[in-house]
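K.L.:
Remember, the working numbering sits 625 above the position in the sequence shown when you count from 1.
Take this structure, written in structure tokens, and hold onto it; I'll ask about it next.
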Amino acid sequence: MKSNKILSILIAVIALIGAFLFIRIFMEDADAIENDVAVQNKVISPIIYFSTILLYASVAITVLLSLWSLIMNPQNLKKTLLGLGVLGVFLIVAYFMADSNAVLDTQGVVLEGGEAGATSNQWVGTGIWYSILLGGIASLFFVYDLLKGLIKS
């Protein structure tokens with residue numbers, strides 16, 4: 626119960642800080658915000674920094690709590706590592722399916738950084754093939770589950 630109270634207070638403090646920073650923006654003239662760098666730094670930058678800190682904190686807390694949960698439950702850790710291994714195998718398969726051919730624009734000119742053999746070309750192709758493989762597998766499981774539901778009915 627005490628942790629819920631602390632969490633509620635923390636959420637209220639974050640909300641009040643955000644509201645204060647947001648209200649400061651509306652207290653300034655819109656033209657001044659658009660044209661004056663000093664005003665932008667005075668009212669816009671603090672809310673951007675605050676939002677960035679909140680984003681990083683939430684990501685860090687989420688990752689740490691997920692890792693803590695995995696460490697405390699070894700059975701889930703095994704399943705997670707197995708799942709990551711399978712995804713790794715699919716990534717390797719997608720990497721070897723991708724090519725590193727030159728990337729051409731509409732006139733047939735090689736784009737800057739898109740020369741044949743470029744690493745970025747290989748990884749872009751890998752990402753495309755990886756998405757296709759995972760999407761195909763997900764579609765198969767969807768159809769399987771749909772058919773299984775129809776047979777049971």
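By construction, the Cβ of each residue, glycine as well, lies at the ideal position given by its N, Cα and C atoms.
Quick check on this structure: which residue in 718, 630, 770 and 680 has the alpha carbon closest to the alpha carbon of residue 757?
P.N.:
Nearest C-alpha to residue 757: 718.
K.L.:
DSSP has residue 729 in a bridge; who is on the other side?
P.N.:
Note: residue 729 sits in a beta bridge opposite 735.
K.L.:
May I have the straight-line CA-CA distance separating residue 742 from residue 727, to the nearest angstrom?
P.N.:
Using only the alpha carbons, I get a separation of about 7 Å.
K.L.:
Have a look at residue 671 and residue 684 and give me their C-alpha separation to the nearest angstrom.
P.N.:
Computed Cα separation, rounded: 20 Å.
K.L.:
Restricting to Cα atoms, I'd like to know which of 653, 686, 746 and 677 is closest to residue 729.
P.N.:
The residue with the shortest Cα to Cα distance from residue 729 is 746.
K.L.:
Within this structure, are the beta carbons of residue 759 and residue 721 separated by less than 8 Å?
P.N.:
Cβ atoms of residue 759 and residue 721: not closer than 8 Å.
K.L.:
Verify whether the separation of the beta carbon atoms of residue 675 and residue 713 is less than 8 Å.
P.N.:
No, Cβ-Cβ distance for residue 675 and residue 713 is not below 8 Å.
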